[in-house]
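Undergrad:
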Amino acid sequence: MADEVENTSGTYTVGEAARLIGIEPHTLRRLESRGIIPAPVRDKRGRRYTRADIEHIREHYGTRRRREAYTIAIVNQKGGVGKTTTTVNLAGAFAINGHRVLVIDFDPQVNATSTLGISWRDVEYSIADVLGTTPDGTTKRLSEIIVPLPHHPSLFLAPSSIKLAYTEMSLINRPGRDTRLDSAIEPIRKEYDIILLDCPPTLGMLSFNAMTAADGIIVPIDESLALQGAGQLLATRKECADIGRRRVALLGALLTRQRTQTAAAEVIEELTKEIFGSRVFKTKIPERVGIANSTGMGRPLVFTDAREADVFFSLAEELEGMIHATK
Ligand SMILES: Nc1ncnc2c1ncn2[C@@H]1O[C@H](COP(=O)(O)OP(=O)(O)OP(=O)(O)O)[C@@H](O)[C@H]1O
Ligand SMILES: [Mg+2]
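Each residue of the sequence shown is one higher than the last, beginning at 13 in the working numbering.
1. Could you check if K296 belongs to the surroundings of ligand 2, using beta carbon to heavy atom distance under 7 Å?
2. So does the segment 44-52 actually touch the segment 183-191, counting three or more Cβ pairs closer than 8 Å?
3. Using the beta-carbon count (16 or more within 10 Å), is P120 buried or exposed?
4. Between I108 and L209, how many whole angstroms is the CB-CB distance? I'm expecting something under 8 Å.
5. Starting from the N-terminal end, write out each residue whose C-beta falls within a distance shorter than 5 Å of any non-hydrogen atom of ligand 1.
6. For the alpha helix (DSSP H) containing T125, name the first residue and the last one.
7. So what does P298 bridge to, in DSSP terms?
8. Expressed to the nearest angstrom, what Euclidean distance is found between the alpha-carbon atoms of F168 and I207?
9. Quick one: give me the first and last residue of the beta strand (DSSP E) that A85 is part of.
10. Identify every residue that forms a DSSP beta bridge with Y24.
11. Considering only the alpha carbon of each residue, which of F325, I335, R186 and H111 lies closest to V260?
12. Look at the alpha carbon of R70 and the alpha carbon of P37, and state the distance between them as a whole number of angstroms.
13. For R311, name the three-state secondary structure that DSSP assigns.
14. State yes or no: is the C-beta of D234 nearer than 7 Å to some heavy atom of ligand 2?
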């Protein structure tokens, strides 16, 4: 076993165990503090993991029974409300919680791809080559463009590229133009537990395709005037549910970038509840420098030990309850 960590005492440190499992030490500690796996024994050198502990944790990732992935589109035609931040951190939280997760970056801005640490220069084929055609005129299957991510063994990405903007225009005259993404996802639905779709800040062909492919949608709402378009978005959701084969349930509005106790925050929360009724997540995402700074790091905040990441685990738990109820 060439990749195994050299070890002479028969037990392993946090760093060694994490390397053997293929996750970050932070993630291993987080799994323990959340009670997902038991903490190992400690001796005077600190936490020590046995071979059996490591096998147990590996099993936690490898043996889930998959039926069909639950697909969630994160949509709002307003820009900068936190769609991408929510997508990548929620994906990471789901993976840490033991789900096999695919992120589809469905925005020609390529932000989810870069936030997950993949440079557009390194993307050979993207979702644009699945929905449209490659430079040599062929079309790729979704399974051919998916890449594993270094942050977690159960986290995968279908990258985007700026070409997706052209693909969007070319879709307009194609048959089945609203449901092409749903058809592309179909062959791989059983391979994942959860698929997250990061949408662009427009209500065009890409967002329509994302919604017809979705079992449910999350609508991030920040403190600006993001509510202006909410009525139109909800009407579009209904049309997508009518056109496509999936339910496109409104999972909820997610209050993002919240500054505590400002008058604006209270007004937005009230207005959001007026429009979305009970469909507003209990979890709210606060405005935090740590969250803003994480955008350029190439690694979602949930894969660090930052306290600010806890809210994304709370959101994942709320969603796990909802998804479980629908199965
Ligand atoms: N909770 C937060 N606290 C502080 N900064 C945040 C928070 N959420 C998002 N941001 C910052 O706001 C900017 C926009 O966030 P993000 O990219 O997630 O929004 P978006 O809705 O995906 O934008 P777009 O519509 O352009 O795709 C980013 O620079 C991000 O770092
Ligand atoms: Mg975005």
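Note that CB positions come from ideal geometry on N, CA and C, so glycine has one too. As the structure is a prediction and not an experimental result, all values here were calculated from the model.
TA: In short:
1. no
2. no
3. buried
4. Going by Cβ atoms, the distance from I108 to L209 rounds to 20 Å, so no, they are not a contact pair.
5. G91, G92, V93, G94, K95, T96, T97, P213, R269, I297, E299, R300, I303, A304 and T307
6. N123 to T127
7. Q270
8. 9 Å
9. Y82 to I86
10. Y61
11. I335
12. 14 Å
13. coil
14. no
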